[in-house]
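To start, the structure itself, in structure tokens.
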Amino acid sequence: MSARYQFAVKPFYRLLQLTDCHLLADPQGDYQQIKPYQHLASLLSALKNQPFDALILTGDLTQDHSLASYLLLADLLKGWSSPVFYLPGNHDEPALMAEAFAKPPFVAATELSASGWKWLLLNSKGSTPAGEVDPPRLLELEAALKNDPTPVWIYCHHHPIPIGAAIDRHSLQQPEALLTLLAAHPQVKGLAHGHCHHAYQTTHAAGLTIVGCPATSVQFTLSADWQTEDQGPQGCVWNFAADGSVYWEFIRL
315 MSARYQFAVK
325 PFYRLLQLTD
335 CHLLADPQGD
345 YQQIKPYQHL
355 ASLLSALKNQ
365 PFDALILTGD
375 LTQDHSLASY
385 LLLADLLKGW
395 SSPVFYLPGN
405 HDEPALMAEA
415 FAKPPFVAAT
425 ELSASGWKWL
435 LLNSKGSTPA
445 GEVDPPRLLE
455 LEAALKNDPT
465 PVWIYCHHHP
475 IPIGAAIDRH
485 SLQQPEALLT
495 LLAAHPQVKG
505 LAHGHCHHAY
515 QTTHAAGLTI
525 VGCPATSVQF
535 TLSADWQTED
545 QGPQGCVWNF
555 AADGSVYWEF
565 IRL
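In terms of our numbering, the sequence shown is residues 315 to 567.
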């Protein structure tokens with residue numbers, strides 16, 4: 315988490331989280347009976363004039379692992395008014411992301427500091443569709459939290475606790491190490507993720523809030539078998555105040 319970004323001093327910050335776009339090289343291509351490019355383009359068009367301080371993309375931006383799909387996203391965000399931060403999901407190719415997102419508004423930072431808050435972007439991509447936060451990543455996270463009482467929210471792709479859906483088989487593996495580390499640092503107020511294609515919030519041990527951001531593509535139903543629903547493109551708007559308060563709102567077209 316060595317790449318850092320410092321926001322200007324403000325009393326209030328408004329962040330947009332988008333996730334699980336599942337774009338294809340062909341903008342007319344289909345994913346789960348919808349056109350993911352059109353879903354994302356419509357949502358971004360509706361939001362482009364709103365005053366956001368940052369956009370955080372929490373993974374599975376591509377479905378077909380292609381450079382062309384990332385370039386489509388880069389083109390959609392050309393001229394976006396805030397910095398755009400990103401992290402990989404299980405479908406993503408970090409090297410291609412870095413190539414496609416080499417110019418503004420994209421910023422390859424994972425430790426974001428603001429008045430009264432710190433936002434840490436945690437890479438949970440593993441060698442399988444399931445998530446992994448290996449010991450080196452845990453050590454980096456611990457170093458970012460050490461000796462800094464500033465309130466923190468963690469953003470990652472994979473969910474660390476089951477939600478009662480088929481996607482649970484691809485959740486974060488061996489999540490206890492991460493959850494134990496976060497519980498040992500009371501300044502960590504919550505963790506937000508993608509991957510589930512489902513909007514929810516819950517409170518875990520030690521008061522840690524966990525928030526699942528809905529997808530810009532399709533949503534997954536809470537069932538043991540894989541079922542999807544087209545509920546329109548969705549996301550989450552975050553509001554952080556310098557006094558330590560935070561609230562969020564799930565949005566959809």
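A virtual CB, placed ideally from N, CA and C, is assigned to each residue, including glycine.
Residue i, enclosing beta strand (DSSP E) - first and last residue
i, result
"L505", "502-507"
"L358", "Not the beta strand (DSSP E): L358 falls in the alpha helix (DSSP H), residues 350-361."
"A368", "368-371"
"L332", "326-332"
"Y319", "318-320"
C-alpha gap between residue i and residue j, whole angstroms
i, j, result
"Q545", "N461", "43 Å"
"E456", "L434", "11 Å"
"C527", "H473", "10 Å"
"H336", "F534", "14 Å"
"K417", "W394", "12 Å"
"Y327", "L369", "11 Å"
"A479", "Q541", "9 Å"
"Y345", "D334", "11 Å"
"F554", "F321", "13 Å"
"E543", "Q377", "17 Å"
"V560", "L381", "36 Å"
"A556", "H379", "38 Å"
"V439", "Y469", "It should be noted that the sequence gives Lys, not Val, for residue 439. If you take the alpha carbons of K439 and Y469, they lie about 13 Å apart."
"L567", "L410", "29 Å"
"T517", "G373", "23 Å"
"V525", "Q342", "31 Å"
"K392", "S441", "31 Å"
"L492", "I475", "11 Å"
"A412", "A422", "8 Å"
Residue i versus the options, residue with shortest Cα-Cα distance
i, options, result
"P500", "V398, Q533, L522", "L522"
"C510", "I468, H518, G445", "G445"
"A520", "G504, P528, M411, A529", "G504"
"W431", "H405, L375, A458", "A458"
"A538", "A428, P365, S429, I477", "I477"
"P419", "Y514, E454, I481, L387", "L387"
"Y571", "H484, D340, N363", "Given that the chain is displayed from residue 315 to residue 567, the structure contains no residue 571 and the question cannot be resolved."
In DSSP terms, what residue i is bridged to
i, result
"A428", "W431"
"E543", "Q533"
"T516", "I524"
"E563", "V551"
"F399", "I370"
"P468", "The residue asked about is misnamed: residue 468 is Ile in this sequence, not Pro. According to DSSP, I468 bridges with L434, L505."
"K577", "The first residue shown for the chain is 315 and the last is 567, placing residue 577 beyond what the model contains."
"L486", "G445"
"L337", "T376"
"Y384", "Paired residues: none, contrary to the question."
Span of the alpha helix (DSSP H), counted from its first residue to its last, around residue i
i, result
"E413", "408-414"
"L459", "449-459"
Residue i beta carbon near the ligand NAP (any heavy atom closer than 8 Å)
i, result
"F326", "As presented, the structure is devoid of all ligands, the ligand NAP included, so that no description of it is given."
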